[in-house]
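Colleague: Numbering (my numbering), first residue to last: 765 to 1499. Glycine included, each C-beta is placed from N, C-alpha and C at the ideal position.
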């Protein structure tokens, strides 16, 4: 591979929003990175973040200063900086660096002042580009610890089981129809599927674009028909060529309340998991387990665990940090590996939760960004209890009224206007304190996860967290949706849905993120939401909501087919060896989806005259800075400390002390994160974490699962293992 190809690949995966203006050869994605100064070259090793608040990063980093006239000296600097992130490229750009403190263990003379001055001046003009994965992995600190959302709702939906291929036809309440212009048909508004009723015969038709059903009433039963009305067939769009097609017509299960459907390919096939503590059903896409010790069954729905003795229930919610110890022992290499992300205290769950604290950022051009809000008649607002905020109910947009001013969020960008009808302009400030009071019981709760950082006359810098896409950290794991039911708006021909938590078999896969269960696809899903025949402007059937696609966290909903059956065997339980992302895949970065990309400011508008540091691939990324400003170096499995202008190897007792302290640190950190986990689970998890060989093996396996995406990501995870050996004054991953 030539240098240009390498650089091009690096650009594809890592270039942040504000660095695309630089040449391919200038992009640095690996540590350490170098900066030239008049005094010499500064080599900066991978920073150890201490806090991240909004887009402001506080961190420290080890460095060496290669002076032109002498040997390099080593030091540590602390800094505050701004970050730009781009999840679709797995990149983070650190800029606007303000060095707050410098320490030079090698220099105690007058030259220290000269070195500090050179470092300060050089870093003010530089930006560093790294992988977002590295930043996420290194943010494991008390400052970044998740705060569970006490107001999320966890009442179970209605849970149904089927032992043959079935699709849930879900209505948002009582079915409502609206006439299709210039036809004898009317269409059901409050479902994402294509359901049409003949106004004369009252026969109801349902289609996936390939398979047609009919029923005497909207509630069914539905039976397959080979002779649907020809005029109706012409009206319905054809499904995408690569949309999954079932060889057998799925059974149709109708629901008018929050419901989840668990489907098996025949009788449930129970399989024992390694260790003999759990069994699981391997012919379904829904995680369905049984603990042998108690005979309790567990199912995982929208990231939430529910428990019952039998299928008919009653089902009760179980917090992820209160699961039996057997769940923490699920092997990372097993078919159930994907479930570890929903078990508090596992590495997978910790990283998913840490991910929730890093915003996706963008620079939005004022002149190229506009908003039009459509209402059903005159705007109607409803006050949100406990706040001074009201929200518009008769629109698909998210419009707020606060202190006689109007604010709207569209695709993670804030707008402001003096009238609910506009004109709307990109906002550079909002009444953040009042908006932050909006509770999860409100359908506009997700806007509290959209921020404004700074602005210029041309550009507004914004960002959003996974909470905007309805993904939340909850007792150590990610969950999907708030659990609250939000009634839709119905105004005759207009129907505006609100974000649902249930009904779409939403599951979290550590390698792809949130996704809709494949049984929801089979063509029904894509055809239903894509057909707007006869609808008034602004009315959207199905699950479109809030000026965008509802669902999917950062990663977007995906269609995955991992088995011979179209219900997607093992999709959500993590069969990582056969993951195929289908055509429904969407970019991780909301700001780069569809027309949203037009809102992004051009490089010329983002006035940041920073030089991009270059990678030093000849140097190992094995220097660390502790909070006291000491510089430590890891050579193989031996630690050395910089002192008296040389690396001094620690004696065997000190080496063992570091390892013992690292073990204690790991133990204490785990106990802090999962303090309510039962003792058996905590003990078993800690035993696993105390094994360094196990940890390294897990890291290598996960790299394979991520398809060895890039060298920088590998270094980031390797660094996690190195950091575990740091002494107490060097807490893991930079805190």
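Residue 1155 to residue 1199, Cα distance in whole Å?
Modeller: Counting from one through the chain shown, the residue named residue 1155 turns up at place 391. Counting from one through the chain shown, the residue named residue 1199 turns up at place 435. Straight across, the Cα-Cα distance linking residue 1155 with residue 1199 is about 11 Å.
Colleague: Do the segment 1115-1127 and the segment 954-973 meet, that is, are 3 or more Cβ pairs less than 8 Å apart?
Modeller: no
Colleague: Can you tell me where the beta strand (DSSP E) holding residue 1199 begins and where it ends?
Modeller: As a first step, residue 1199 must be located in the chain shown, where it is residue number 435. That residue, residue 1199, is in no beta strand (DSSP E); its alpha helix (DSSP H) goes 1196-1199.
Colleague: Nearest-angstrom Cα distance between residue 933 and residue 1046?
Modeller: One-based indexing of the chain shown puts residue 933 at position 169. One-based indexing of the chain shown puts residue 1046 at position 282. The alpha-carbon atoms of residue 933 and residue 1046 are separated by roughly 24 Å.
Colleague: By how many angstroms is the C-alpha of residue 1143 removed from the C-alpha of residue 1197?
Modeller: Here residue 1197 refers to the residue found at position 433 when the chain shown is read from its first residue. Here residue 1143 refers to the residue found at position 379 when the chain shown is read from its first residue. Cα to Cα, the separation comes out at about 25 Å.
Colleague: Taking only three categories from DSSP, how would you classify residue 1312?
Modeller: In the chain shown, the residue the question calls residue 1312 occupies position 548. Low confidence applies to residue 1312: its pLDDT is 36, below 50, so where it sits in the model is not reliable, and the reading given next is rough at best. Note: residue 1312 maps to strand in three-state DSSP.
Colleague: Look at residue 1259 and residue 1140 and say whether their C-beta atoms are less than 7 Å apart.
Modeller: As a working mapping, residue 1259 is identified with position 495 in the chain shown. As a working mapping, residue 1140 is identified with position 376 in the chain shown. In this structure, residue 1140 does not lie closer than 7 Å to residue 1259 by Cβ.
Colleague: Please classify residue 1477: does DSSP put it in a helix, a strand, or coil?
Modeller: Residue mapping note: residue 1477 aligns to position 713 of the chain shown, counting from 1. For residue 1477, the pLDDT reaches just 34, beneath the cut-off of 50, and the residue's location in the model is therefore unreliable, although a value from the coordinates is still provided. Residue state, collapsed to three classes: helix.
Colleague: Kindly indicate which three-state DSSP category residue 1112 falls into: helix, strand or coil?
Modeller: Start at 1 with the first residue of the chain shown, and residue 1112 comes out as number 348. If DSSP states are grouped into helix, strand and coil, residue 1112 belongs with the helices.
Colleague: Return yes when the Cβ of residue 1161 is within less than 7 Å of the Cβ of residue 1176, no when it is not.
Modeller: For this step, residue 1176 is matched to residue 412 along the chain shown. For this step, residue 1161 is matched to residue 397 along the chain shown. Taking 7 Å as the Cβ cut-off, residue 1176 and residue 1161 do not qualify as a contacting pair.
Colleague: On the three-state DSSP scale, how would you describe residue 1083?
Modeller: Residue mapping note: residue 1083 aligns to position 319 of the chain shown, counting from 1. It is coil, neither helix nor strand.
Colleague: Where does residue 982 sit, in a helix, a strand or coil, going by DSSP?
Modeller: In the chain shown, counting from the first residue as 1, residue 982 sits at position 218. Coil, per DSSP.
Colleague: If you follow the alpha helix (DSSP H) that residue 1092 is in, where does it begin and where does it stop?
Modeller: Your numbering for residue 1092 matches position 328 in the chain shown. Unbroken alpha helix (DSSP H) run through residue 1092: 1089-1092.
Colleague: Can residue 916 and residue 1247 be called in contact, C-beta distance under 7 Å?
Modeller: Counting from one through the chain shown, the residue named residue 916 turns up at place 152. Counting from one through the chain shown, the residue named residue 1247 turns up at place 483. Contact flag set, yes.
Colleague: Looking at the secondary structure, which residues open and close the alpha helix (DSSP H) in which residue 995 lies?
Modeller: The residue labelled residue 995 in the question sits at position 231 within the chain shown. Unbroken alpha helix (DSSP H) run through residue 995: 994-999.
Colleague: Counting only runs of 3+ residues fully inside the segment 1113-1161, write out the beta strand (DSSP E) ranges in chain order.
Modeller: 1124-1129, 1145-1147 and 1153-1156
Colleague: Mind the definition here: the segment 838-855 touches the segment 1377-1397 only if three or more C-beta pairs lie below 8 Å; say whether that holds.
Modeller: yes
Colleague: Taking contact to mean 3 or more Cβ pairs, one atom from each stretch, closer than 8 Å, check whether the segment 1209-1221 and the segment 1051-1068 are in contact.
Modeller: no
Colleague: Identify every residue that forms a DSSP beta bridge with residue 1270.
Modeller: In the chain shown, counting from the first residue as 1, residue 1270 sits at position 506. Paired residues: none, contrary to the question.
Colleague: Look up residue 1102 in the DSSP assignment and say whether it is helix, strand or coil.
Modeller: Against the chain shown, residue 1102 aligns to sequence position 338. In this structure, residue 1102 counts as helix in the three-state DSSP scheme.
Colleague: Determine the closest residue to residue 1252 out of 1078, 1212, 954 and 1151, with distance taken between C-alpha atoms.
Modeller: Counted from its first residue, the chain shown places residue 1252 at position 488. Nearest C-alpha to residue 1252: 954.
Colleague: Applying the criterion that 16 or more other CB atoms from any shown protein chain within 10 Å of the CB defines a buried residue, is residue 976 buried or exposed?
Modeller: By one-based count along the chain shown, residue 976 stands at place 212. Looking at its Cβ environment, which holds 16 or more other Cβ atoms inside 10 Å, residue 976 is buried.
Colleague: Skipping 5 residues on each side, what residues in its chain have a beta carbon closer than 6 Å to that of residue 1013?
Modeller: In the chain shown, counting from the first residue as 1, residue 1013 sits at position 249. Cβ within range, chain order: 975 and 988.
Colleague: Using the beta-carbon count (16 or more within 10 Å), is residue 1122 buried or exposed?
Modeller: Within the chain shown, the letter at position 358 stands for residue 1122. It is buried - the Cβ of residue 1122 has at least 16 other Cβ atoms within 10 Å.
Colleague: Would DSSP call residue 1249 helix, strand or coil?
Modeller: Here residue 1249 refers to the residue found at position 485 of the chain shown. Three-state DSSP puts residue 1249 in coil, outside helix and strand.
Colleague: Can you tell which of 971, 816 and 1021 has the C-alpha that lies nearest to the C-alpha of residue 1267?
Modeller: The residue you call residue 1267 lines up with position 503 of the chain shown. The residue with the shortest Cα to Cα distance from residue 1267 is 1021.
Colleague: As a quick exercise: from 834, 821 and 851, pick the residue whose alpha carbon is nearest that of residue 861.
Modeller: Taking the chain shown and counting its residues from 1, the one referred to as residue 861 is at position 97. Of the candidates 834, 821 and 851, the residue whose Cα lies closest to the Cα of residue 861 is 821.
Colleague: Measure the CB-CB distance between residue 1234 and residue 1263 and report whether it falls below 7 Å.
Modeller: Residue 1234 sits at position 470 when you count from the first residue of the chain shown. Residue 1263 sits at position 499 when you count from the first residue of the chain shown. Yes; because the gap between Cβ atoms is below 7 Å, this pair is in contact.
Colleague: What do you get for residue 1418, buried or exposed, if any count of 16 or more other CB atoms within 10 angstroms of its CB means buried?
Modeller: The residue given as residue 1418 occupies position 654 in the chain shown. Exposed, by the Cβ-count rule.
Colleague: Given a cut-off of 7 Å on the beta-carbon distance, is the pair residue 1244 and residue 972 in contact?
Modeller: To locate residue 1244, count along the chain shown from 1; it is residue 480. To locate residue 972, count along the chain shown from 1; it is residue 208. Between residue 1244 and residue 972, the C-beta spacing is not below 7 Å.
Colleague: Starting from residue 844, trace the beta strand (DSSP E) both ways and give me its first and last residue.
Modeller: Residue numbering aside, residue 844 sits at position 80 when the chain shown is read from its first letter. Start and end: 837-850.
Colleague: Under the rule that 16 or more other beta-carbon atoms within 10 Å means buried, what is residue 718, buried or exposed?
Modeller: Lying before the first or after the last residue shown, residue 718 is absent from the chain, which here runs from 765 to 1499.
Colleague: From 886, 849, 1130 and 1167, pick the residue whose C-alpha is nearest to that of residue 1147; which is it?
Modeller: Working through the chain shown from its first residue, we reach residue 1147 at position 383. For residue 1147, the nearest C-alpha among the options comes from 1167.
Colleague: Pick out whichever of 1153, 1241 and 1074 has its Cα sitting closest to the Cα of residue 1207.
Modeller: The count along the chain shown starts at 1 and reaches residue 1207 at position 443. Ranking the options by Cα distance to residue 1207, first place goes to 1153.
Colleague: Helix, strand or coil: how does DSSP classify residue 1233 here?
Modeller: Looking up residue 1233 in the chain shown gives position 469. Correct three-state label for residue 1233: helix.
Colleague: Apart from the five residues just before and just after residue 1130, which ones in its own chain have a Cβ nearer than 8 Å to its Cβ?
Modeller: Residue mapping note: residue 1130 aligns to position 366 of the chain shown, counting from 1. Excluding positions up to five away in sequence, the list reads 1189, 1190, 1221, 1222, 1223 and 1224.
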